[in-house]
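What follows is one structure encoded as structure tokens, with my remarks underneath.
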Amino acid sequence: MIRRIAQFSINRPATIIILIAALSIIGVMSVVQMRTDLLPEMDLPYAIVMTTYSGAGPEEIEEQVSKPIENVVATVSDIDTLMSQSSANSSIVIIGFNYGTNMDSAMADIRDKISMAESYLPEDADKPMVMKINPNIMPVIAVAIGSDQLSLAQLQSVAEDDIEPRLSRISGVASVTVLGGLEREVKVAVDPVKAQNYGLSLTQIGSFLAAENYNMSSGDISYGEREYFVRSLQEFESVDAVGEVALTAANGNKIQLKEIAEISEDYKEVEQLTRVNKKPAVSLLVQKATDGNTVEACTKVKEEMEKIRNELGGKINVEIVMDQSDNINKSLNSTTRTLAEGAVLAVLIIFLFMRNLRSTAIVGIAIPLSLLATFIVLFYNGSTLNLLTLGGLALGVGRMIDDSIVVFENIYRHRDLGLSAPEAALKGTAEVGGAVLASTLTLIAVFLPIGLAEGISGVLFKPLALTICVAIACSLMVSLAVVPFMSSRMLTDKAMVKKGTGKFFLSRQFHRLGEWLDNLGEKYKIGLRWALGHRRSVIFSVVVLIVLSLAMVPQIGAEFMPPSDSGEVEVTLEADKGAKLEDVDKLAETVEAELLKNPAVDIVYTTVGSSGEMAMMGAASNEASFRVQLIPKGERKGVEQVAEEIRESLKDIFGAKSTVSVSSGLSSSSSGGAIAVNIRGDDLDTLRSLSKQIEGIVAKVPGTRNVASSLGDGNPEVQLRINRQRAMDFGLTPAQVSSEIKAAIDGSVVSRFRLEGDEIDVTVTSTSKETSDMDTLKDLPILTAQGNSIPLSEVASFELSTGPVQIDRENQTRQGTISCDLLNRDLSSVTQDIQAGVNTIKLPAGYTIDYGGENEQMAEAFSSLILALLMAIMLVYVVMVVQYESFLDPFVILFSLPGAIIGVVLALLVTGTSFSVNAFIGLIMLVGIAVANAIVYVDYLKHLLAAGMERTAALLETGRLRLRPILMTALATILAMIPLAMGLGEGSETNAPLAIVVIGGLLAATFVTLFLVPVVYSILDDRRQKRFKKKSTLNHEDKSLVRQTV
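Using the working numbering, the first residue of the sequence shown is number 8, and each one after it goes up by one.
Here's what the structure looks like:
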């Protein structure tokens, strides 16, 4: 078949030219049309159920909302983990499924179960909202607007009325959320004394208001010759109309609302403040559509914001505080540059050996053609152009040229021996085609297990594996079709002449190096002859080196994913529980000033307090968060160093605790830290006590930062217990009393109406709210069923205490989590130190401890990838057995793998790189690359042996002739990966460990292939011949015995 492909390409040049042109055109069109993103589209097996129950504390939320939902959801099949977070006013239940679960079916099951649980939830609780966790739910761009001319209220109006609708209409944008600013409301402040005199409660007043504010269809009437639709328009049209609502007092008399309340248009109590570089701002968070292009969506948003700014005459200042497209563009540009640099270095190696531009071009064309063909396949497969697909191309660019090197080098050798160009092209391709096919199939085989790997590593690296497989498959076709075609046309007599020494010093040195490489075959032959004469010494030396390498493995750290420099730092400030917003804001201003002193800081986006939109992000009223955007990477220190400087500058802030963290690249830990220690049990006080012990242990371990516990100090609270019997005596229920308390303290939104084009809330509250304290709370008037008023203290008792901020549960058991980040130490060693300290704690009966965070993810990923590595080795062996119809020859080829371990260990130690999931992928990839050179060697050796050459002579001659292509392919692959291994560009840190492993392993494997593989082959061949001779001798003796018997 290989001979036919080569024959076709040589005999049909016009057809090949047309195919190359079509490939180029379609390839370019595919690249232009491909969507770009930072990471591949991921279908994460997680769902979330969110329920709001206003006015309820964490313990009530846990008991009345989270537990009922957990109980019904737990019966859904394929669940891996079930977690819940119960905090004031809200419940979040997170369901984690096994990877590979059909999430559409799972979501349908969850919704069915939730509908069954709704009857068990409190009547006042909102309907649970079920959604699938998707990276697209996070904003892709955040825009902050400020002004020196407009107030915050006016900015809020501009954001909601002008900007938000226009951004929402942009193609690719799913939703826009407005944060900060001031929100209008109609406040009905009821005088409690006057209301009491009329026998009216706040809840009754709210009911009157809600009943009066409506529009209703009243049917049709005939008038004249037409039918008219009758509508009753009772919606409030002004603030004054609210005050004119009629109320029925306890004695039956009618009064107007304005007689007992002050009605005014006001602003809601500020719950959140946002600023950019210390200036007040209103923010807009933009989410892209699921099938949208992140870069296009962000670009259009920025263009639209510039238009709006110009239309408003420059009254607003626009600041982009977060832009995923910027990170995507920088990362993709960096990876593209790395790919191009690798391709250039690979081609330079070819030129060094060939020293002829025409010969170099014949081989070098494999790279662009393979890349274009790969883009076509990726485009029609629906893949995006992201960090991992481009990283796969950068990793495979050196390997793309390997097949063409082997084919062309053999064609060139036959041409040098006197064959014509077409004859050399055909014979050279057919001769090594089997070896090229085998090496390509083995590399494809090693990536099949990666596609089958479970967990986040499989989800992330499946696109990378697909990209490399497609690229090398395309490079195989180029080597078998395009290289023979071009060689038959371009390998003229002139092309066979190598470039002269040249006039310049560098040119002369380059020529001398090339000549030295040409003569290296004879020198290698001498070394190989010595190795074949000292086989035990060679085997012993390699074994010793492998043992020493394995002994150094514990010195290599381990981590889940390599940290990347995203150019952003997150700072969280936590004041004392119960701190007022204005006090937290003063602390936030101090932090802002410190942050902006750092020369590496460009933009500080501040959020003080919380709101409904921020609830999922874990914000609290006593917290402030700062998104710190740094200047470009080349103009500052590394992000970890900057984070440490910020940490030092904030450590002395009085009255608050600051946490400084850096985005951990592709890591997807949900624990909030690199390492998480989880304690499980029933009693919150016991969990809190154990948590404090473990928190102290973790804080003392070197390399830990941002140690935090989910069971920190509780919120100060007034625990109010309503006496059911006393309430019944007055004709009241506990629910009625609680509603009255909530309305008096927080106010109650009873209706909405349109004012100047905006829908705003109508809120009923008490005028005594502003001066509320424990005494006024005790004296709060409660209206009885008889219309009399009693103080709240008549039916309730009061106690000052603290309550939990949040109650976490995992797999239906309460849990406390102590988490930490790392600095200047690897994940595995810190985890070991923490485990050693935690193991000294004696746990009460019924309490357990386990470890989560990135450590748990690393353990799961490594166990999955170990299986993938073993499968890769097995598949490589199976492919070679099928190719060669032999069990022994593939076994010899696999002896190139142990030597690769030496290079991997040394490369990681020398560069100070930890072993991560990315490095593991490199190790699996190395299995396919390392055996390629051994295949080239053994394949040609078998060819010489089949021609009748004596074994030792064949081993030596194979080494002499195959050294050149082996060195060319190895050096091309290694040099192509050097830019990637250096990790200098944006986002390049992700694939650097992978490249380092391949470079180190391939260097060592190449040396082993050149010496160990021939030695092992000779040893096994000796044993095979001994068995053959013994069998022949036995057969001869049997025949003699038969003759004697006859």
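Note that CB positions come from ideal geometry on N, CA and C, so glycine has one too.
Query                                                                                                                                                                     : Result
So what's Q14 in DSSP terms, helix, strand or just coil?                                                                                                                  : helix
Alpha carbon to alpha carbon, how far is D50 from M110? Give it in angstroms, no decimals.                                                                                : 8 Å
Three-state secondary structure (DSSP) at R832?                                                                                                                           : coil
Give the secondary structure of I117 by DSSP, where H, G and I count as helix, E and B as strand, and everything else as coil.                                            : helix
Once you ignore the five residues that flank V79 on each side, which residues in its own chain have a CB closer than 8 Å to its CB?                                       : K120, I121, M123, A124
Count the C-beta pairs between the region 875–894 and the region 977–992 that are closer than 8 Å, then say yes if the count reaches three, no if not.                    : no
Taking the straight line between their C-alpha atoms, what separation do you get for T301 and G929?                                                                       : 29 Å
With F415 as the anchor, note down where its alpha helix (DSSP H) starts and where it stops.                                                                              : 409–423
Figure out for me which residue from R1031, S796, G966 has the closest Cα to the Cα of A257.                                                                              : S796
Near K265, what residues of its chain come up, given a Cβ to Cβ distance below 6 Å and the 5 sequence neighbours on each side ignored?                                    : G250
Kindly identify the DSSP beta-bridge partner or partners of C827.                                                                                                         : I682
Considering only the beta carbon of each residue, do D609 and I653 sit closer than 7 Å?                                                                                   : no
Buried or exposed: where does T1016 fall if 16 or more other Cβ atoms within 10 Å of its Cβ makes it buried?                                                              : buried
Quick check: what's the CA-CA separation for N730 versus P741?                                                                                                            : 8 Å
Using 8 Å as the Cβ pair cut-off and three pairs as the minimum, do the region 745–763 and the region 703–718 touch?                                                      : no
Along the beta strand (DSSP E) that carries G153, what are the first and last residues, could you check?                                                                  : 148–153
Tell me whether G859 sits in a helix, a strand or coil according to DSSP, three-state version.                                                                            : strand
Determine the DSSP secondary structure at K587, reduced to helix, strand or coil.                                                                                         : coil
How many angstroms separate the CA atom of S182 from the CA atom of I170?                                                                                                 : 12 Å
From which residue to which residue does the alpha helix (DSSP H) around A452 run?                                                                                        : 428–459
Tell me, to the nearest whole angstrom, how far the beta carbon of L395 is from that of F468; I am working on the premise that it is less than 8 Å.                       : 7 Å
Is it right to say Q726 is buried, meaning 16 or more other beta carbons lie within 10 angstroms of its own, or is it exposed?                                            : exposed
Can you list, in chain order, the residues of its chain whose CB lies under 7 Å from that of V837, leaving out five sequence neighbours each side?                        : I682, V708, G710, T711, L829
For V1049, count neighbouring Cβ atoms within 10 angstroms of its own Cβ and tell me buried if that reaches 16, exposed if not.                                           : The predicted position of V1049 is uncertain, since its pLDDT is 48 and thus under 50; no value can be drawn from it.
Taking the CB atoms as reference points, tell me whether T1115 and A600 lie closer together than 7 Å.                                                                     : Any question about residue 1115 goes unanswered here, given that the chain covers just 8 to 1053.
Below 6 Å CB to CB, which residues in the same chain sit around F1014 once its five sequence neighbours on both sides are set aside?                                      : none
Does DSSP put A663 in a helix, a strand or coil?                                                                                                                          : strand
For a test of the three-state rule: what should DSSP assign to I928, helix, strand or coil?                                                                               : helix
Any contact between the region 36–44 and the region 378–397? By contact I mean 3 or more CB pairs, one from each, below 8 Å.                                              : yes
How would you write the range of the alpha helix (DSSP H) that L487 sits in, first residue to last?                                                                       : That residue, L487, is in no alpha helix (DSSP H); it is neither H nor E in DSSP.
Drop a sphere of 10 angstroms on the beta-carbon of V917, count the other beta-carbons inside from all chains shown, and report buried for 16 or more, exposed for fewer. : exposed
Straight-line CA distance for T920 to M90?                                                                                                                                : 34 Å
Please report how far the alpha carbon of L433 lies from the alpha carbon of V439, in whole angstroms.                                                                    : 11 Å
What do you get for A977, buried or exposed, if any count of 16 or more other CB atoms within 10 angstroms of its CB means buried?                                        : buried
Tell me M223's beta-bridge partners as DSSP assigns them.                                                                                                                 : S239
Closest to G462 by CA distance: which of N105, F805, E219, M114 is it?                                                                                                    : N105
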